[in-house]
Each structure stands twice: as C-alpha cells, then as structure tokens.
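Peer 1: My structure is below; once you've seen it, I'll send some questions.
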DNA sequence: CTGAAAGCGCTTACAG
DNA sequence: CTGAAAGCGCTTACAG
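Protein chains in written order, with the working numbering: chain Y, 1 to 355; chain H, 356 to 710.
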C-alpha cells in the first residue's frame, strides 16, 4: 500500500505520510509541533521516519522558512602564512556549537586582501547565510560598520572598537588572564615576575599588561622596569626576551602577551643552558598548539564559551529576541605545563578554572 | 511601473523581470544560458540585476536543482589539543577554491571521538551537502568504506589504504619532497645528511625516508646509520635528535619527516650553542606555522592544488563525468629559510618549485 | 528568442 | 487532532 521511495532517491514527507497512513501535514507537525499530534499517531510517524531514514530537505525548509540556517565565517590570513593562531580552534568550537543553535557554519574567504566586503556581500545576496561571525577586528576595519549599515546580523569575537554602541560581541578578559598567571607564579615561589608584551597602544596588549602590573603590585612586587617590548615577530622577540631574562634572573619568571613571545623566552633560556620552569618560569597567552608542543604554561582562550555566546547573540538578532545591552567578557583559563613549575616533577597537563 | 521590492525584503526574479520588462524565464536564461538571450535584452536584464542587487536565492535554486551546492568537511582532532597542523591551511585552501567549483564548504564535527559516522549521516540525510572531503584516513578508518557503501560522493586528502579500488584521492609525494630537500642541502654544501623520521611501518613516513635514502645514495652519501627514529612527540624527538646531531656533526644536515621533528633538532642545536643553518642544516616537512616561526626550511604541502583536485573529483562524481582511473600524487614545494643556509645572510623567505 | 506552466519539498495558516 | 490548499523562489522542458 505505502509506496516506497526508489532506492536511489530520498524519502520525502509524502513517503513518510503514506507509510504512516496520515497526511503529510501530520508528519510535519510531528516534527515541528509534536504536542499537536496524538501520542499513538506520533509514535507511528516516528517509526516510519526512522525506518525510511527520513530527514527534511534542508533546501526545501530553508526556502519555506526564509532562513538558510547557516552562519558565515570568513577565513582570514589567507597567505596561509599568517593564519591567526586562534582561527582553527575557534572555528572548531563554532562548528561544534552550531547544531545546538540549529545552524551550521559556512566558510568563505578570498585570495586578495583587498575586497573583503565583496565576499560578505556575495554570501549575503544569495542568502547563503543568515548572519556572520567575525573576528580579529581592528581600528578602521570596514566590516562592522558595513554590516551594521546593511542591517546584516552579525556578532564579533573581540570588541568592536570603532562602534561602541554595538554590543553583539564576546571577548576574553586579558586583565584577568595575566592576573591569574601572576598569582600562579607567585604561588609556585618564583621571585621577580617580569612581563614581555607588545608595544603600547594595542588595546588587547595594554589590557594584558595591566593585569600583570596590578597583580604584581598586589603582591608588593610591582616593578615596571621588569618589562620588555616586542612586536609579534620571533627575531625581535628573542632580542627583547634576552634583555628581560637578564633582568629577571634565575628564580624569576616572565609572563608574556602571547605564546609566540613565550616561545622567544623559551628559546633564550635554552641557548643559555637554562631550564624553563626549573630556572626561569614562563607563562604564555592563547593556549596555542605551539605552547602545547613546547610544554609552555599558557592562558587559554575559552573558545567554546565564546562560540556559544556569539551564536546565541546572532540567534537573538534573527528572532528579534531581547538583545544584550553590552558585550560579554569571558574569563580565560590557565593551562599548567612544565614551564611554570619549579619542581622537576611537573604534574600532568590539566586545566584549572580561575576562581 | 516596475514594482520595487520593499527595502526589507530582497529582490526576486519577478522584481528583476518586471523592472527589465521581460518575463522571469528570460531573467533565469540570462543567468543560466546567456546565449539564448538577445544581446540588448541581456544588457537590460543585467543592468536591473545590478541595480536591484539581485542574486538568486540559494535555497530556491538548491531545491529546484536537487543539489545543495555544498561540500562537507569534518573538523577532526576536537580536543583542540590535537588539531592536525594541516587542517587549517587545507581548509582555507578548500574554502578559497570552492567558488571556482560552484560550491561552498560546510564544516561539521562532534565532541566525542566515537560516533563519527553519525555526523556524516546527519549531514547527508538532509542533503545539507552533496559530497564530502575527508582527510587523515588511517587503517581501519570506517569512513571510506561506509561512504562508498552508501553511494555518497567523496574524495580524500591522502590515499585510502584500505580500499585500493578507490581512486578519488590526492596526496603529497613524500618521496619527491625529501629528495628535493637532500638536493638542496647538497647544493648548499652540507656534508653528511641524516634523517630523523617516524618508526617504520607508517606508509607516509616510510615514503619520506625513502626519498632521503635514494637521494643521498645518488650523491654517493648513502649512509643508513645516519638515521634516528621518533614518534611525533617533542620530548622523544629531542632525545632522538640529540643522538643524530652527534653523528652528523657540525657541517652536516638533517632532513626530518615533520616540522615537529625539525623543531626538536632546532631545540637540540640551541641547547648546545650551535646555530641552525650555519652549523647544522635542518629541513622539516609540512610547511607549518611553527616552521615559519622558527625560520625552518620545510617541504610545504601544496594545499591549494590538493583542494582544487579534490573538488574537481567530487564534482566529476556528481555530474557522472569520466572519473580518474587512479589517484593523484602532487609534488610538494621546498620553502627556503635560514635553517638550511650556511652563509649568515639568509635570503628572504621565498618559494621555489621543484623542477 | 521569448512566454505560460509545472514542480522541487517543505511548512503554515485555515477549515473541518 | 487532522486534512486540503497555498506558496516560499527558482529552473527547465515545452510551446509559440
């Protein structure tokens, strides 16, 4: 009686409906509004759905519901030389969180550095996506303003400095991160605690420095001369690290604005025959793969929580639910590794929430 | 006369059609089969398309054409601890190539390591994607067999060892890569050229070792004792590298099966006060970010060419075009950096094709 | 070269 | 609680 779909083509609502001896609207109700369907009918419908391996066609329901069910994410740093360290783990988190928010992630990008907005426009014009998640915004970044002007829903990983009124963002509390790092180093018994950071004027960088300054002051160790500065480039960082290691000395420790800077400190220690952790403590920032590979303690970004928050924010925009009145700062987590343990028997890698 | 769409809602074929005073089929033809439309009409239609910012609805054309226009890509290594180094650059390449192949990339993944096939099934059931690209296949990997059994189109970055009959793959010619590395080191004037590789039995690893063995033999320097072995873990690699550096000595060089192993050699040199490049040459494999950060010469995988090839392969499967009768091996490229230059003035980073 | 019609598969008011 | 109808926006045979 029930006509089975051919082996090649997929089951549709109609197939399920006739197999379950109900109309196709009932099948749709069973899926979208189960409370409207009598329990016994519901069971029968679900049994057939299962048996036929039915799943609504994404294209058809997108068309009907006027939403793609997708969020776009630009893959930046396309020379493949300068991929942001955070990009891959953040994208993974976003991807894993997406089903929870009834969507999936579509990636896009282009070769040229120039017309970045063009790709956003293309994605949007065909409504391949309902919204965007952006990251790595900077002063003069055209994207936030343009997206906002077009009325395109989006949320940003990182504050949007140019548009203080824009509140759909989540960011990492850098101050809390370096503060935690200092607390940890103090409790491990290190003496002078220096800081290797980026040049003044970067908002993220200044915040991270501030956490170090505040925490060291709190322990009566505030010493702003125990500071060195470098851009995010290894050779320059090695120079700066060398000078800082001189000043901090054996028994001291260094908090860094990034894992790359931490790597520079690590490098300097090795060339001088000093043992990271045992002789000089190091804490990096970002929780990157290279910190892992080199056994560097690092302040890890809470990518999962950020992804979850941002998808919630775009979802709220799409449903015109009440919006947040301000962005969200999330507290990073210190990942302990051997570079910040004075005793040789470093504990196994584990995570520890900041209290 | 022409009714303009409301500011809020998008332009549709109908809007363009009435604005251009043609039927909506003509608009569709202008886009899909321009040769069927009189030039003047074509121009008028395109002008309106431009003016209205029209772009066909992805959902509608997916439904009509019975294809999602999307390729799924699993994001593996989800502890965010073990993301394959190759994942991010490969995904970027795939994403950038996708528009050329009239598709876009949808990512997916799950937390648990267990039911990986379940996520593939979900993506496929709703036809969120038309095909998959997979990578990092291994012996006993359930994915290739399952996908093939289901008749789901897919292509693999890396040979599919378990299914020799399966030819939709592209891989990197590891033998050619290490061969090129040896040639380069010889021409730079290094003496003994050793190899730090993975344990025997890994097909990828054995191939890379073979390239080194063949090329050194060709130069009358075959010496299989100049070899050390380590798994892909830094501490173990450092031990192995230490022994190998002893045997190779100053003026020698070491080719490595991966950038992580190369990093271990680098580390050993620094702790001994030796200068990478100047005193001992190093060449890594993979062209990863960390090779870049540490100035390591590396055999870089041709991600772009691989992505392009794989998308061509799935496209051919979807259109039942003639399929390849065998997989494709692509030649990697040596990226020169200071770790393989004996003279202190290393040239700026540049790429160089293997001849 | 152009136009009227059918239908991809779904969901949602709207009657019963 | 269930059923017949309409329509999301597109594309493709099929007539003119």
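Every residue gets a Cβ at the ideal spot worked out from N, C-alpha and C, and that includes glycine.
What you are looking at is a predicted structure, and each value in this text was computed from that prediction instead of being measured.
Which value, in whole angstroms, describes the spacing of the CA atoms of residue 513 (chain H) and residue 677 (chain H)?
Peer 2: The straight-line gap from Cα to Cα measures roughly 21 Å.
Peer 1: Apart from the five residues just before and just after residue 315 (chain Y), which ones in its own chain have a Cβ nearer than 7 Å to its Cβ?
Peer 2: Only 101 meet the Cβ criterion.
Peer 1: Among H:589, H:486, H:591, H:630, which residue has its Cα nearest to the Cα of residue 673 (chain H)?
Peer 2: It is H:486.
Peer 1: Roughly how many angstroms lie between the CA atoms of residue 412 (chain H) and residue 182 (chain Y), to the nearest whole one?
Peer 2: C-alpha separation (whole angstroms): 53 Å.
Peer 1: In whole angstroms, what is the alpha-carbon distance linking residue 74 (chain Y) and residue 64 (chain Y)?
Peer 2: Each residue's alpha carbon lies about 27 Å from the other.
Peer 1: Taking just the CA atoms, how far does residue 586 (chain H) sit from residue 569 (chain H)?
Peer 2: One C-alpha to the other measures close to 22 Å.
Peer 1: To which residues of the same chain is residue 189 (chain Y) closer than 8 Å at the C-beta, ignoring the five residues directly before and after it?
Peer 2: Closer than 8 Å at the Cβ level, and outside the excluded window around residue 189 (chain Y), lie 342.
Peer 1: Does the Cβ-Cβ distance between residue 238 (chain Y) and residue 194 (chain Y) come in under 8 Å?
Peer 2: No, the pair does not count as a contact, with Cβ atoms beyond the cut-off.
Peer 1: Quick check: is the beta carbon of residue 737 (chain H) nearer than 8 Å to any beta carbon in chain Y?
Peer 2: The requested residue 737 (chain H) is not part of the displayed model; chain H covers only 356 to 710.
Peer 1: Between residue 435 (chain H) and chain Y, is any beta-carbon pair separated by less than 8 Å?
Peer 2: Residue placement at residue 435 (chain H) is poorly supported in this model, since its pLDDT is 40, which falls under 50; the coordinates still yield a value, given next. Taking Cβ atoms only, chain Y reaches closer than 8 Å to residue 435 (chain H), which makes this a yes.
Peer 1: With H, G and I counted as helix, E and B as strand and the rest as coil, what does DSSP make of residue 436 (chain H)?
Peer 2: Reliability of the predicted coordinates at residue 436 (chain H) is poor, the pLDDT of 44 falling under 50, and the value obtained from them is presented with this limitation in mind. Residue 436 (chain H) falls in the coil class under three-state DSSP.
Peer 1: Which residues, in chain order, does the stretch 302-332 of chain Y contribute to contact with chain H at a C-beta distance below 9 Å?
Peer 2: If the cut-off is 9 Å between Cβ atoms, the stretch 302-332 of chain Y has 303, 304 near chain H.
Peer 1: Are there three or more Cβ pairs, one per stretch, closer than 8 Å when the stretch 647-658 of chain H is compared with the stretch 522-536 of chain H?
Peer 2: Taking 8 Å as the limit for Cβ pairs, the verdict is that the stretch 522-536 of chain H does touch the stretch 647-658 of chain H.
Peer 1: Please classify residue 436 (chain H) as buried or exposed, where buried requires at least 16 other C-beta atoms within 10 Å of its C-beta.
Peer 2: Low confidence applies to residue 436 (chain H): its pLDDT is 44, below 50, so where it sits in the model is not reliable, and the reading given next is rough at best. Exposed is the call here.
Peer 1: Could you pull the start and end residues of the alpha helix (DSSP H) that residue 383 (chain H) belongs to?
Peer 2: Here the alpha helix (DSSP H) through residue 383 (chain H) covers 379-387.
Peer 1: Going by DSSP, which residues form a beta bridge with residue 319 (chain Y)?
Peer 2: In DSSP, residue 319 (chain Y) forms no bridge with anything.
Peer 1: So the candidates are H:649, H:614, H:632; which of them puts its Cα closest to the Cα of residue 260 (chain Y)?
Peer 2: Nearest option by C-alpha distance: H:649.
Peer 1: Report yes if the CB atom of residue 84 (chain Y) is closer than 8 Å to the CB atom of residue 95 (chain Y), and no otherwise.
Peer 2: Cβ atoms of residue 84 (chain Y) and residue 95 (chain Y): not closer than 8 Å.
Peer 1: So, at 8 Å on beta carbons, what are the nonlocal neighbours of residue 434 (chain H) in its own chain, with the 5 sequence-adjacent residues on each side left out?
Peer 2: Any answer about residue 434 (chain H) is weak, because its pLDDT of 45 lies below 50 and its placement is not dependable; what the coordinates show is given next. Once the five neighbours on either side are set aside, residue 434 (chain H) has no close Cβ partner at all.
Peer 1: Between the Cα of residue 339 (chain Y) and those of Y:226, Y:270, Y:222, Y:59, spot the shortest distance and give me the residue it belongs to.
Peer 2: Checked all of Y:226, Y:270, Y:222, Y:59; the closest Cα to residue 339 (chain Y) is Y:270.
Peer 1: Looking at the unbroken beta strand (DSSP E) that takes in residue 621 (chain H), where does it start and where does it end?
Peer 2: Run containing residue 621 (chain H): none in the beta strand (DSSP E); it sits in the alpha helix (DSSP H), 614-626.
Peer 1: Taking Cβ to Cβ, would you say residue 452 (chain H) is nearer than 8 Å to residue 685 (chain H)?
Peer 2: Cβ distance not < 8 Å, so residue 452 (chain H) and residue 685 (chain H) don't count as in contact.
Peer 1: Helix, strand or coil: how does DSSP classify residue 631 (chain H) here?
Peer 2: Looking at residue 631 (chain H) - three-state DSSP - the assignment turns out to be strand.
Peer 1: Below 7 Å on C-beta distance, what does residue 466 (chain H) contact in chain Y?
Peer 2: What residue 466 (chain H) touches in chain Y: 96.
Peer 1: According to DSSP, simplified to helix, strand and coil, what is residue 655 (chain H)?
Peer 2: In this structure, residue 655 (chain H) counts as strand in the three-state DSSP scheme.
Peer 1: Counting only C-beta atoms, is residue 108 (chain Y) closer than 8 Å to chain H at any point?
Peer 2: By this cut-off, residue 108 (chain Y) is an interface position.
Peer 1: Consult DSSP for residue 437 (chain Y) and reduce its assignment to one of helix, strand or coil.
Peer 2: What the structure shows of chain Y is the stretch from 1 to 355, and residue 437 (chain Y) is not part of that stretch, so it cannot be assessed.
Peer 1: Helix, strand or coil for residue 166 (chain Y) per DSSP?
Peer 2: Note: residue 166 (chain Y) maps to coil in three-state DSSP.
Peer 1: Do you know how far the Cα of residue 631 (chain H) is from the Cα of residue 222 (chain Y)?
Peer 2: Roughly 38 Å separates the two Cα atoms.
Peer 1: Taking 8 Å as the CB-CB cut-off, is residue 593 (chain H) touching chain Y?
Peer 2: So no, residue 593 (chain H) is outside the interface.
Peer 1: Who are the neighbours of residue 481 (chain H) on chain Y, taking C-beta pairs under 7 Å?
Peer 2: Those within 7 Å of residue 481 (chain H) in chain Y are 55, 56, 57, 58.
Peer 1: Counting only Cβ pairs nearer than 9 Å, list the residues of chain Y close to residue 520 (chain H).
Peer 2: Going along chain Y, no residue has its Cβ under 9 Å from residue 520 (chain H), so there is no contact; the nearest lies around 22 Å.
Peer 1: At least one CB of chain Y closer than 8 Å to the CB of residue 705 (chain H): is that the case?
Peer 2: Its pLDDT being 44, under 50, residue 705 (chain H) is placed unreliably by the model, and the measurement read from it follows with that caveat. Answer no: the Cβ-Cβ gap between residue 705 (chain H) and chain Y never drops below 8 Å.
Peer 1: Between the stretch 476-483 of chain H and the stretch 631-645 of chain H, are three or more C-beta pairs nearer than 8 Å?
Peer 2: The stretch 476-483 of chain H is not in contact with the stretch 631-645 of chain H.
Peer 1: Rounding to the nearest angstrom, what Cα-Cα distance links residue 337 (chain Y) and residue 617 (chain H) in this structure?
Peer 2: Cα-Cα distance, rounded: 22 Å.
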